[in-house]
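**Student:**
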Amino acid sequence: MNMDKKRLLIILAIAGIVGLLACVFAVTLIGRYLNERETRPTAEVTDLTSCDTDPSGLCVVSFSSDNLNHLVFNFQVPYEGYPMFYLKVRYDDTVNVYSCQGLEDVPTSAFCTGNRTPLGQPIEVEVYSTENDMLISKGALIVSAVALPTTVQQTVTSTPGTITPPPEVTPAPSFPSDTSITPTQPPATIPPRATPTKTPGGYSN
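Residue numbers (my numbering): 1 to 205.
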């Protein structure tokens with residue numbers, strides 16, 4: 001019996017130590033999480049403006065329209081590798097979501113496409129990060145004018161190697177070079193010649 005009690009006490013002691021270590025470990029993790037949460041800097045919400053007013057942050061370069069009559073926001077981002085985002089555009093009681101994408105050729109440019117808004121009416125634009133849906137910028141803008149899409153004009157050119165025949169020309173009549181033209185003259189009139197007549201005793205005219 002004494003041996004069994006000793007084993008039981010040893011097992012209970014080991015279990016108690018393991019449980020105590022588990023509690024300490026759990027408390028340590030919870031404390032670290034709370035500490036990081038308190039010290040983690042919150043994302044600063046910047047003012048969204050037009051690039052003519054302030055080009056230092058995220059700003060709108062211009063508004064345009066695509067071939068589907070959608071409104072296009074043309075953005076300039078502060079730096080290359082700026083986090084991707086999307087828009088929520090509010091006017092009156094309407095909220096539209098605009099999808100955005102960057103330009104590979106111009107890393108500091110992006111554009112967002114969505115439904116048209118009334119011209120000349122203030123709109124509230126909120127910019128959200130696509131990674132965590134966190135608000136990163138917002139501002140009030142007025143769409144006063146929209147650039148229309150340009151139409152590509154096709155020019156018809158002749159195929160290389162194709163010869164266009166020249167227009168036909170009717171030659172003027174010509175005469176052989178060895179032929180001379182002599183004007184026709186009326187035949188000369190020869191007066192009658194008097195013939196002397198022989199008469200007896202002499203001649204008489």
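Each residue gets a CB set at the ideal place from its N, CA and C atoms; glycine is no exception.
Note that this is a predicted model, so its numbers are computed, not measured.
What are the boundary residues of the beta strand (DSSP E) that R90 is part of?
**Tutor:** Residue numbering aside, residue 90 sits at position 90 when the sequence shown is read from its first letter. Element bounds for R90: F85 to Y91.
**Student:** Indicate whether I207 and G120 have their beta-carbon atoms separated by less than 8 angstroms.
**Tutor:** Past the boundaries of the shown model lies residue 207; the chain is included only from 1 to 205, so the question cannot be answered.
**Student:** Can you name the start and end residues of the beta strand (DSSP E) that C100 belongs to?
**Tutor:** Working through the sequence shown from its first residue, we reach residue 100 at position 100. T94 to G102 is the span of the beta strand (DSSP E), which, as asked, contains C100.
**Student:** Pull up the distance between the alpha-carbon of Q153 and that of V45, whole angstroms please.
**Tutor:** In the sequence shown, the residue the question calls residue 153 occupies position 153. In the sequence shown, the residue the question calls residue 45 occupies position 45. Confidence at Q153 is low in this model, with a pLDDT of 44, below 50, so the placement of that residue should be treated as unreliable; the coordinate-derived value is given next. Each residue's alpha carbon lies about 44 angstroms from the other.
**Student:** Distance, Cα to Cα, T94 vs S65?
**Tutor:** The residue you call residue 94 lines up with position 94 of the sequence shown. The residue you call residue 65 lines up with position 65 of the sequence shown. Whole-angstrom Cα-Cα distance: 20 angstroms.
**Student:** Classify G57 as helix, strand or coil using the three-state DSSP reduction.
**Tutor:** Taking the sequence shown and counting its residues from 1, one reaches residue 57 at position 57. Three-state result, G57: coil.
**Student:** For the putative contact between V127 and L71, defined by C-beta atoms under 8 angstroms, what is the C-beta separation to the nearest angstrom?
**Tutor:** Looking up residue 127 in the sequence shown gives position 127. Looking up residue 71 in the sequence shown gives position 71. In fact, because the Cβ distance is near 15 angstroms, the residues do not count as touching under 8 angstroms.
**Student:** Please determine, among E104, T108 and S99, the residue with the shortest C-alpha to C-alpha distance to N115.
**Tutor:** Translated into positions along the sequence shown, residue 115 becomes position 115. Cα-wise, what sits closest to N115 is S99.
**Student:** Kindly indicate which residue of V89, E80 and Q76 has the alpha-carbon position closest to the one of A110.
**Tutor:** As a working note, residue 110 is residue 110 in the sequence shown. Nearest of V89, E80 and Q76 to A110, Cα basis: Q76.
**Student:** Where do the N-terminal and C-terminal ends of the beta strand (DSSP E) with Q76 fall, by residue?
**Tutor:** As a working note, residue 76 is residue 76 in the sequence shown. Q76 -> beta strand (DSSP E) spans L71 to Q76.
**Student:** What residue from I123, S144, A13 and T113 has the CA that sits closest to N69's CA?
**Tutor:** Here the question's residue 69 lines up with position 69 in the sequence shown. Nearest of I123, S144, A13 and T113 to N69, Cα basis: T113.
**Student:** Which partner residues of G114 appear in the DSSP bridge assignment?
**Tutor:** Along the sequence shown, read from residue 1 onward, the residue named residue 114 stands at position 114. Bridge partners of G114: L71.
**Student:** Which term fits L9, buried or exposed, when burial requires 16 or more other beta carbons within 10 angstroms of its beta carbon?
**Tutor:** Within the sequence shown, numbered from 1, the residue matching residue 9 stands at position 9. With fewer than 16 other Cβ atoms within 10 Å, it is exposed.
**Student:** Looking at the structure shown, is D47 part of a helix, part of a strand, or coil, going by DSSP?
**Tutor:** Against the sequence shown, residue 47 aligns to sequence position 47. Strand.
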